[in-house]
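**Student:**
Chains as they are written, first to last, in my numbering: chain A, 12 to 124; chain B, 2 to 114.
Next up, the structure:
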């Protein structure tokens, strides 16, 4: 079946350090993945996406790595800031069901000043 | 553009009551979705629509109904509210191509007592 899961429910980092949030997916989950950031009381906000024909994609201070061999993806945040504190979700798109997203449980990132 | 808007923001229902959660998008997106998010969990798909007049069930449709009479609106109906439907509900939309991100509304927090 389809599943997407995150490895750690919480992650605490020092301001200025790099953060790495990990996610695993099952065989049939998707060939397109999105990372979302969710702040308290708000809806998920798009951070970055990656297609399965790519290994790496970079945005502003964020990088997503996709390892199809072990079915794993990660989100790297450079120079983590207090404003990065939030819950981060990876999601795989299942495009034969209207493009629905399968979400992992989320990792709560706390940034210590 | 306002993006995806949802009303109400908060609602308390008694067991057995009914209500409609409203969702509107002004981006002319074909695809729309309803998700629910239980505490500490990722989002789960309730229903989705690939265009006006077309809807289909997601992972957790029991106890809900939807309609899509226009491109802009995608209301979610709870007929007989139950405590298990206490959750935060998110509406989302995307243009329709396979790899487009989903844009989320701010959510409706529903409590059933």
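Even for Gly, the Cβ is constructed at its ideal location relative to N, Cα and C.
#1: Would you say the stretch 25-32 of chain B touches the stretch 52-68 of chain A, given that touching needs at least three Cβ pairs under 8 Å?
#2: Can you tell me which of 35(B), 94(B), 96(B), 89(B) puts its alpha carbon nearest to the alpha carbon of residue 66(B)?
#3: Just reading off the beta strand (DSSP E) that residue 83(A) is part of, what are its end residues?
#4: Just to make sure I have the definition right: I need the residues of chain B whose C-beta is within less than 9 Å of the C-beta of residue 116(A). Which are they?
#5: For the stretch 46-102 of chain B, list the beta strand (DSSP E) runs that are entirely contained and at least 3 residues long, ordered along the chain.
#6: Consult DSSP for residue 28(A) and reduce its assignment to one of helix, strand or coil.
#7: One question on the structure: do residue 95(B) and residue 32(B) come within less than 8 Å of each other, judged by their Cβ atoms?
#8: Under three-state DSSP, which class holds residue 71(A)?
#9: Give the secondary structure of residue 3(A) by DSSP, where H, G and I count as helix, E and B as strand, and everything else as coil.
#10: Here's the rule I'm using: 16 or more other beta-carbon atoms within 10 Å means buried, otherwise exposed. How should residue 42(B) be labelled?
#11: Bridge partners of residue 56(A), per DSSP?
#12: In angstroms, rounded to a whole number, what distance separates the CA positions of residue 46(B) and residue 59(B)?
#13: Can you confirm whether residue 95(B), when its beta carbon is compared against all beta carbons of chain A, has any partner nearer than 8 Å?
#14: Counting Cβ pairs closer than 8 Å, one from the stretch 106-116 of chain A and one from the stretch 75-84 of chain A, do we hit at least three?
#15: Please classify residue 81(B) as buried or exposed, where buried requires at least 16 other C-beta atoms within 10 Å of its C-beta.
#16: Please report the distance separating the alpha-carbon of residue 103(B) from that of residue 124(A).
#17: Let me confirm a value: residue 49(A) is counted as buried when at least 16 other C-beta atoms fall within 10 Å, else exposed. Which label applies?
#18: Span of the beta strand (DSSP E) holding residue 114(B)?
#19: Return the residue from the list 86(B), 73(B), 109(B) that minimises the CA-CA distance to residue 62(B).
#20: Which residues, in chain order, does the stretch 93-123 of chain A contribute to contact with chain B at a C-beta distance below 7 Å?
#21: So, for residue 24(A): in the same chain, excluding its five sequence neighbours on each side, which residues have a beta-carbon less than 8 Å away from its beta-carbon?
#22: Counting along the chain, where does the beta strand (DSSP E) carrying residue 20(B) start and finish?
#23: I'd like the list of long-range same chain contacts for residue 74(B), defined as Cβ closer than 8 Å, with 5 residues on each side in sequence excluded.
#24: Given a cut-off of 8 Å, decide if residue 47(A) and residue 32(A) are closer than it, judged by their beta-carbon atoms.
**Tutor:** On the basis of the coordinates in this document:
#1: By the criterion of at least three beta-carbon pairs nearer than 8 Å, the stretch 25-32 of chain B is not in contact with the stretch 52-68 of chain A.
#2: 35(B)
#3: Where residue 83(A) is concerned, the enclosing beta strand (DSSP E) stretches over 83-88.
#4: 41, 42, 43
#5: 55-58, 65-67, 77-79, 88-95
#6: coil
#7: Yes, Cβ-Cβ distance for residue 95(B) and residue 32(B) is below 8 Å.
#8: DSSP places residue 71(A) in coil when its eight states are reduced to three.
#9: The displayed coordinates of chain A run from 12 to 124. Any statement about residue 3(A) would go beyond what the structure contains.
#10: exposed
#11: 48(A)
#12: 5 Å
#13: yes
#14: No: the two stretches stay apart, fewer than three of their Cβ pairs being nearer than 8 Å.
#15: exposed
#16: Those two C-alpha atoms are separated by around 32 Å.
#17: Buried, because 16 or more other Cβ atoms sit within 10 Å of the Cβ of residue 49(A).
#18: It is not in any beta strand (DSSP E) - residue 114(B) carries neither H nor E in the DSSP assignment.
#19: Ranking the options by Cα distance to residue 62(B), first place goes to 86(B).
#20: Those would be 100, 106, 109, 110, 111, 112, 114, 115, 116, 117, in chain order.
#21: 30, 91, 120, 121, 122, 123
#22: 20-26
#23: The answer, listed in chain order, is 23, 24, 25.
#24: no
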